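In mature numbering (1 follows the signal peptide of the UniProt record, and there is no 0), the protein residues as written are -19 to -1, 1 to 258. Just so you know, even glycine gets a beta-carbon here, dropped at the ideal spot from N, CA and C. Since the structure is predicted, the reported quantities are computational estimates derived from the model, not experimental observations. For reference, the structure discussed in these notes is given below.
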Amino acid sequence: MKRIILFAIALFIFSHSNAQNAIKTTVKGSGKPVLLLPGFASDHTVWGSVVTEFKDHNELHLVDYAGFGQVQPIDSLWLPRVLKEIKSYIAQNNTEEWTVVGHSMGGTIATWLAAQENLNIKQVVVIDGLPGTAALMFPGVDPSTLTYDSPYNNQMLTMTDEQFSQMAVMIAQGMTSSPEHQNLVAKSIKKCDRKTYVHGYTDYLKLDVRPLLKQITIPVTILAAGQPYGVEGATQTYKNQYSNLNNYDFHIKADSKHFIMYDAPDWLNEKLQAILD
């Protein structure tokens, strides 16, 4: 019996020590802590220009998500586990006030974090991200009704690698302006674990932070892209989506597409400099 108990304990320790994490973090620089959250299907390399600009004065915590970049995928509950582990990461390093900067889905996560209790977050910066993406993609649809088992998801899962690659190239063309950066975005999508990409996007659409916005009391800055919808259309979308947020600063780069760090790095760094000073 004693041997059985010892074996069970050893098995428990082994299984937990080898459990795949939902996030991976890389720390660069020194100074006040800044958490950098990339968007869906991106990895930490999208922050290259930001790291170069701020690593001498800030401790930059670069987050990668399981299934994207070089991080191994996890079995299930992708975004719920990502949220839980990011929250725990901040809580475990809670001695200093954090600035959280998120792009796209990372911005959605940043606002979710800002609404949580007992996290030492000083301020949040959202880079072209919405609190309720499903409302933009599927107006009138209750995001809680979205499921993994859908015709669209099943089609995505059964695409050939060539079909998926072609789709990635088309998506990238709408996300950033230069062919060089379009190639980077497309490569990032192609590297994704397919199941994480498909089911993870469903997780993302199901995350609706809009009801939580009224709980946020810290400063929020939104840096938006004016393309492809135009300044007026984009501004109205942000106004509608963030209507529950009591106060925020809003800036829009008229000629930038979604990846502002690629299309307008100087503008982005100038805005971040004013916030981080």
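Within the continuous alpha helix (DSSP H) that includes residue i, where are the two ends?
{"i": "Trp93", "result": "Met86 to Ala95"}
{"i": "Gln222", "result": "Val212 to Gln222"}
{"i": "Val201", "result": "Looking at the DSSP string, Val201 is not in any alpha helix (DSSP H); the run it does join, the beta strand (DSSP E), is Val201 to Ala206."}
{"i": "Lys187", "result": "Arg175 to Lys187"}
{"i": "Pro246", "result": "Pro246 to Leu257"}
{"i": "Ile170", "result": "Pro160 to Lys171"}
{"i": "Phe35", "result": "Gly29 to Phe35"}
Can you round the beta-carbon distance between residue i and residue j to whole angstroms, since I take them to be within the 8 Å contact cut?
{"i": "Thr80", "j": "Leu257", "result": "6 Å"}
{"i": "Gly207", "j": "Lys234", "result": "6 Å"}
{"i": "Glu40", "j": "Pro14", "result": "5 Å"}
{"i": "Met137", "j": "Val179", "result": "5 Å"}
{"i": "Leu94", "j": "Ile55", "result": "In fact, because the Cβ distance is near 20 Å, the residues do not count as touching under 8 Å."}
Expressed to the nearest angstrom, what Euclidean distance is found between the alpha-carbon atoms of residue i and residue j?
{"i": "Pro124", "j": "Gly113", "result": "9 Å"}
{"i": "Met156", "j": "Thr198", "result": "31 Å"}
{"i": "Asn164", "j": "Ala153", "result": "7 Å"}
{"i": "Tyr46", "j": "Tyr223", "result": "26 Å"}
{"i": "Leu226", "j": "His84", "result": "18 Å"}
{"i": "Phe231", "j": "Pro200", "result": "11 Å"}
{"i": "Gln1", "j": "Leu64", "result": "15 Å"}
{"i": "Lys171", "j": "His239", "result": "18 Å"}
{"i": "Arg191", "j": "Arg175", "result": "28 Å"}
{"i": "Ser30", "j": "His38", "result": "14 Å"}
{"i": "Gln147", "j": "Gly12", "result": "42 Å"}
{"i": "Gln196", "j": "Ile102", "result": "14 Å"}
{"i": "Cys173", "j": "Pro120", "result": "27 Å"}
{"i": "Leu249", "j": "Asn74", "result": "27 Å"}
{"i": "His42", "j": "Tyr133", "result": "35 Å"}
{"i": "Gly211", "j": "Ser158", "result": "15 Å"}
{"i": "Ile(-11)", "j": "Pro61", "result": "Since pLDDT at Ile(-11) reaches only 39, below the 50 mark, its modelled position is unreliable, and the value read off the structure follows with that caveat. Cα to Cα, Ile(-11) sits roughly 28 Å from Pro61."}
{"i": "Tyr70", "j": "Val150", "result": "34 Å"}
{"i": "Asn221", "j": "Glu78", "result": "30 Å"}
{"i": "Glu98", "j": "Gln104", "result": "14 Å"}
{"i": "Ala72", "j": "Glu143", "result": "42 Å"}
{"i": "Ala255", "j": "Pro160", "result": "30 Å"}
{"i": "Gly20", "j": "Thr216", "result": "20 Å"}
{"i": "Lys36", "j": "Ser131", "result": "43 Å"}
{"i": "Glu213", "j": "Asn228", "result": "20 Å"}
Span of the beta strand (DSSP E) holding residue i?
{"i": "Tyr46", "result": "Asn39 to Tyr46"}
{"i": "Lys9", "result": "Ile4 to Lys9"}
{"i": "Lys13", "result": "Lys13 to Leu18"}
{"i": "His232", "result": "Asp230 to Lys234"}
Could you tell me whether the Cβ atoms of residue i and residue j are closer together than 7 Å?
{"i": "Leu188", "j": "Lys252", "result": "no"}
{"i": "Ile108", "j": "Ile4", "result": "no"}
{"i": "Thr183", "j": "Leu127", "result": "yes"}
{"i": "residue 263", "j": "Leu18", "result": "Since the displayed the chain opens at -19 and closes at 258, residue 263 lies outside it and no answer follows."}
{"i": "Leu16", "j": "Ala96", "result": "no"}
{"i": "Thr202", "j": "Val82", "result": "no"}
{"i": "Thr177", "j": "Gly87", "result": "no"}
{"i": "Asp247", "j": "Ser237", "result": "no"}
{"i": "Ala115", "j": "Leu186", "result": "yes"}
{"i": "Gly110", "j": "Thr139", "result": "no"}
{"i": "Val27", "j": "Lys9", "result": "no"}
Margin query: Runs of 3 residues minimum, wholly inside the stretch 97 to 149: which ones carry the beta strand (DSSP E) assignment?
Written below: 102 to 108
Check: Could you give the uninterrupted runs of the alpha helix (DSSP H) lying entirely in the stretch 44 to 82, keeping only those of 4 residues or more?
Finding: 59 to 73
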